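Participant: One structure, pasted below without further comment.
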Amino acid sequence: MRKVYQEVENIAGNVINIRARDVAYKELAVVESSMGTSLAQVIRLQHDEVSLQVFAGARGIATDARVRFLGHSMRTAFSDNLMGRIFNGGGLPRDNGPALTDNLIEIGGPSVNPSKRIIPTNMVRTGIPMIDVFNTLVESQKLPIFSVAGEPYNELLARIALQAEADVIILGGMGLKHDDYLFFRDTLEESGALSRTVMFVHTASDPIVECLLVPDSALAVAEQFALEGKRVLVLLTDMTNFADAMKEIAITMEQIPSNRGYPGDLYSQLASRYEKAVDFDGAGSITILAATTMPGDDVTHPVPDNTGYITEGQFYLRNGRIEPFGSLSRLKQMVNGDTRDDHRAIMNSMLQLYADYKSTLEKQSMGFRMSEWDGKLLEYGAKFEKGMMDLSVNISLEEALDYGWQILSECFEPMETGIQSKLIDQFWPKDNAGAAEEKPELVEA
Amino acid sequence: MSKSNGTIVGVNGNMLTVQFSDAISQNEVGYAVLDDRRLMSEVVRIKGQFADMQVFEDTAGLRIGGPVEFTGDLLSVELGPGLLTQIFDGLQNPLPRLAEECGFFLQRGMYMDALPRDTKWAFTPVAEVGATLTAGETLGTVPEGIYEHRIMVPFALPGVLTVEEITVAGEFTVTETVAKLKDDRGEIHEVAMMQRWPVKIPITAYSDRLRPDEPLVTKIRLVDTFFPVARGGTYCIPGPFGAGKTVLQQITSRHAEVDIVVIAACGERAGEVVETLREFPEIIDPKTGKSLMERTVIICNTSSMPVAAREASVYTAVTLAEYYRQMGLDVLLLADSTSRWAQALREASGRLEEIPGEEAFPAYLESVIASFYERGGVVTLKDGSRGSVTIGGSVSPAGGNFDEPVTQATLKVVGAFHGLSRARSDARRYPAIDPLDSWSKYPSVVDDDLVENARQILRNGSEIDQMMKVVGEEGTTIDDFLVYLKSEYIDSVFLQQDAFDAVDEATSADRQKHVFQAIADLLNRPMQFENKDAARRFFHQLTQTTKDWNRVRMDAPEFADLQKQLENQVAEVSNHA
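As given, the protein sequences belong to chains B and H, one line each in that order. So the first sequence is residues 1262 to 1706, counted in the numbering used here. So the second sequence is residues 17 to 593, counted in the numbering used here.
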């Protein structure tokens, strides 16, 4: 039987200090007091003084609370029974189901040996043209969705969860509004995807320490599924809440802040989570999509800024659409050469023309005269935004490419698109009785 | 030195407080014992009987009272034949062999010999019995891949040494004794092919350090012509995320005209390292005809690997670079990214509760960065041959703002600044080095006057471009408009380079001279146009032809044809005069 300590010396923020011997760093303890029971983790040892971070928060903890060390660090259960279940950050059920205690695995484990990674080569289809066509998501990629409060980033994540080809979906919710949590649960349930989903959810009213545990628990479970050869998609929302939880705890711990109050190791902390994205040499893969809200729509804010240096590109979600400019999938060229011959051509020329449309818009707003070419661009821009950028559009990559050709042919002559003639011959819609068809006949006549 | 022991009295993150028994030294390596594992750590501060030690691993599970074994040595690397083609972590553990041993994950407390102990190398003695030598002079040679690896008098041996015995040519492992040397006090030192050297101390077993004045050709036109790097010089590449720092470094590591490239992937994405790991063995180096891996050493401490080892990784990398410099080779060290290393310093400093400087970086940040870059340089060795270490470090400034401490501290000590610009990368103008803000103190591969002329055009062109945004094309004179078109022309055909084109991706120094001269001549011709549209059309066409020219091999017959065609195109518009 392990010794019980009953003398709490200091309580500050979520951290309590006791005097104890033979305690291991990062060991877990159970703290019992009249207000309830909570897990706590050792975060500092100094001689016989032990600092414990209490997961449920220190509120209501008495100076004579009973502290019992468990002899192991944070673990979570792993088995196929996890599927369809919902847990809190600490791994306790949120869904009235039984607690799982078998096959416990450590969370926040070591990083993957880079020589056991392989260059990713598989596309993840999402049914969203702005992703599939223009910034293809690749298996094992880590990509954030940069957005601002109020944008439908959770809806976007839920849609990707439903449509992406993945064996297992793991959702990590941090600081979620309760409504959003219910939204995810209901959406996944209605579509039947819940049976291949595991959810770790921390809502905004839950203790802040549990927020920190969510990505680690989610990714530890993801890693186990991936080692079994499964393709795992991890959705994290919202990583800014995670960073803010870290900030809150670091400041209560009197750590020296580096930038806007965030701890100096923000980069390493975020990186150690995102870097769990992997394509194992000889096993499955983990793909991470994470919503990151940008406070004040400022991409130079420490959280999106550090994230951008870690992840393999980013999606900007603005005004309910994925912005084609600024959004980038760094891995797209590894897969978009093998999808269909016209993929890259459509991607490049449609974006190029959309950029031209944007500058035409600028000219228009400054009151410059619109030329014939400007007119074509304006027509094109409107069609592009409606047919491709709108988030409600839900078509396969091939359909999207065909639709791209159709938009182009409705607005332009083939040569105006700058696409090489070989592809034009092959793909330019023939049945479209647009200007492209009529002109040559006139010449012949 | 007798080895000291200690006991853990405090654990805070990866920082231990250890009470020690006998003398220890600053930066000494010790092992914190955790069951059957030993976690490597380094002394970073000593206060009375207590030492603060930074652990290179995760510290979970360590207890108060746990034992610490000191080694008496500073953090050191193994130097000897067999380093090339290897992939190490920041502490010089070979990652592929670790994977064989431990599988997918990096197990803490697993350390392996950097140099395989069972490989035999063909040693040929050079020094003769009775010869007097000093540290760094050659005892013998070993063929290592495409190079002749010099086995040298260990750098740590002081004074003049006499060769007492040296083996005949034969095959030896790196730990077998190949020579016995007598120092001036009569003590005998047994020397093997492998020696150890502490990473934080520069190797200075050369006779002279020289001024870097010879260009190091990277085959990137914008670099070699406008912002050159010198052999033995230093340069930095700051840039916001997505501006192409890593791609630029990868291109440089492929094409740079050096003997050996040491890549330090320090705190960056694992995926990028994997690309290098998997692709380099497949790419053939045109100079040697062997795979690029034959001239490469990779030190890889990606962002999720332990932070303290990240700090060590840049030192490990520069020490290996210095070692090969001692063999008269030109070495290029590419560190990506030094900001991550500075952040590792910041994390350690925070745990030590030191008084923070700007943005919580430690006050000694500048001097640490300066002493790192100062380890680059071109030297004359004791046998008169030359070797060099060139250091190129990328910097990842927070928010892409160059006013932050790491960029500023780096700018003070480097010889060239390749500032990447978000505007250029958004406009897909690669390499995205800003042609107006960047600078270099080294000599260019082409004539300075020509470069200055081109710079003038670029500067004026950019000003006119700004002005046109306000007054529109209508409000610009045709002369100004021509300058603008010329600057855009230089930008598209010379500054920008297509990394995906087999010819355009690498431009030799000779070709740069030739093309740059040709372009300057073309642009110097008087040109006259009826109106701006005509001028724009002309430059579009000229750009197209020049780009085609860039894609043709210099020895192909089309090369001269296309140049002729360019001259004709220009002649047509100057005949109007």
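Heads up, the beta-carbon is just placed ideally off N, CA and C, and yes, glycines get one too. Being a predicted model, the structure only gives us computed values, none of them experimental.
Check the Cβ of B/I1517 against every Cβ in chain H and list those closer than 8 Å, keeping chain order.
Facilitator: What B/I1517 touches in chain H: G366, E369, P372, A376.
Participant: What residue range is occupied by the uninterrupted beta strand (DSSP E) comprising H/H205?
Facilitator: 204 to 208
Participant: Note down the Cα distance separating B/P1476 from H/N30, rounded to an integer number of angstroms.
Facilitator: 21 Å
Participant: Does any residue of chain H have a CB that is nearer than 8 Å to the CB of B/R1366?
Facilitator: According to the sequence displayed, residue 1366 of chain B carries Ile and not Arg. Chain H contact via Cβ: absent.
Participant: Using a 10 Å radius around the Cβ and a threshold of 16 neighbouring Cβ atoms, would you call H/F377 buried or exposed?
Facilitator: H/F377 should be labelled buried.
Participant: Would you give the residue range spanned by the alpha helix (DSSP H) that H/I506 belongs to?
Facilitator: Start and end: 494 to 506.
Participant: Can you list the alpha helix (DSSP H) stretches of 4 or more residues lying completely in the region 1542 to 1582 of chain B, in chain order?
Facilitator: 1563 to 1571
Participant: What in chain H is Cβ-close to B/S1533, meaning under 8 Å?
Facilitator: S319, S320
Participant: Can the beta-carbon of B/T1572 be found less than 8 Å from the beta-carbon of B/L1404?
Facilitator: yes
Participant: Determine whether the Cβ of H/F497 lies closer than 8 Å to any Cβ atom of chain B.
Facilitator: Judged by the 8 Å Cβ criterion, H/F497 is not in contact with chain B.
Participant: Less than 8 Å between CB atoms is the rule here; does B/T1561 satisfy it with respect to chain H?
Facilitator: yes
Participant: Could you please tell me which residues of the region 104 to 132 of chain H, in chain order, have their CB closer than 8 Å to any CB of chain B?
Facilitator: Residues passing the 8 Å Cβ filter: L111, P112, L114, A115, C118, G119, F120, F121, L122, Q123, R124.
Participant: Are the C-beta atoms of B/H1308 and some chain H residue less than 8 Å apart?
Facilitator: yes
Participant: Using alpha carbons as the reference points, say which of H/L349, H/Q108, H/S41 lies closest to H/S410.
Facilitator: H/L349
Participant: Taking buried to mean at least 16 other C-beta atoms within 10 Å of its own C-beta, is H/T493 buried or exposed?
Facilitator: exposed
Participant: Expressed to the nearest angstrom, what Euclidean distance is found between the alpha-carbon atoms of B/S1478 and B/G1345?
Facilitator: 16 Å
Participant: What does H/V568 pair with, by DSSP beta-bridge criteria?
Facilitator: Partner(s): none; H/V568 has no beta bridge.
Participant: Using a Cβ cut-off of 8 Å (strictly closer), state whether B/D1686 contacts chain H.
Facilitator: no
Participant: Rounded to whole angstroms, what is the Cα-Cα separation between H/T140 and H/V207?
Facilitator: 14 Å
Participant: So, at 6 Å on beta carbons, what are the nonlocal neighbours of B/G1545 in its own chain, with the 5 sequence-adjacent residues on each side left out?
Facilitator: A1487, G1490, K1491, R1492
Participant: Please classify H/E160: does DSSP put it in a helix, a strand, or coil?
Facilitator: strand
Participant: Quick one: using the 10 Å Cβ neighbour count with 16 as the cut-off for buried, is H/P302 buried or exposed?
Facilitator: exposed
Participant: Hey, does B/I1279 have any beta-carbon neighbour from chain H nearer than 8 Å?
Facilitator: no
Participant: I think B/V1443 touches B/A1422, with their Cβ atoms under 8 Å apart; what is that distance to the nearest whole Å?
Facilitator: A quick correction: the sequence has Leu, not Val, at residue 1443 of chain B. 15 Å between Cβ atoms; not a contact.
Participant: Using a Cβ cut-off of 7 Å, pull out every chain B residue sitting near H/E291, in sequence order please.
Facilitator: I1380
Participant: Kindly indicate the opening and closing residues of the beta strand (DSSP E) around H/D352.
Facilitator: 346 to 352
Participant: Would you tell me roughly how many angstroms separate the C-alpha atoms of B/E1270 and H/P372, rounded to the nearest one?
Facilitator: 29 Å
Participant: If contact is defined by three or more beta carbon pairs under 8 Å, each pair taking one atom from either stretch, is the region 161 to 180 of chain H in contact with the region 193 to 211 of chain H?
Facilitator: yes
Participant: Is it buried or exposed for B/R1320, if we count other Cβ within 10 angstroms and need 16 for buried?
Facilitator: exposed
Participant: In the DSSP assignment, find the alpha helix (DSSP H) that holds B/G1642 and state where it starts and stops.
Facilitator: 1633 to 1645
Participant: Which term fits B/W1666, buried or exposed, when burial requires 16 or more other beta carbons within 10 angstroms of its beta carbon?
Facilitator: buried
Participant: With a floor of 3 residues, list each beta strand (DSSP E) that falls wholly inside the region 1267 to 1301 of chain B, ordered by position along the chain.
Facilitator: 1269 to 1273, 1276 to 1280, 1289 to 1294
Participant: Can you give the beta carbon distance from B/K1377 to B/D1505, rounded, assuming they're within the 8 Å contact cut?
Facilitator: With a Cβ gap of about 34 Å, B/K1377 and B/D1505 do not count as contacting.
Participant: With B/P1375 and H/C316 assumed to form a contact (beta carbons below 8 Å), what rounded beta-carbon distance in angstroms separates them?
Facilitator: At roughly 6 Å, the Cβ-Cβ gap stays under 8 Å, so B/P1375 and H/C316 are in contact.
Participant: Assign H/Y331 to one of three DSSP states: helix, strand, or coil.
Facilitator: helix
Participant: For chain B, find out if any of its Cβ atoms is closer than 8 Å to the Cβ of H/D16; answer yes or no.
Facilitator: Residue 16 of chain H is absent from the model: chain H starts at 17 and stops at 593.
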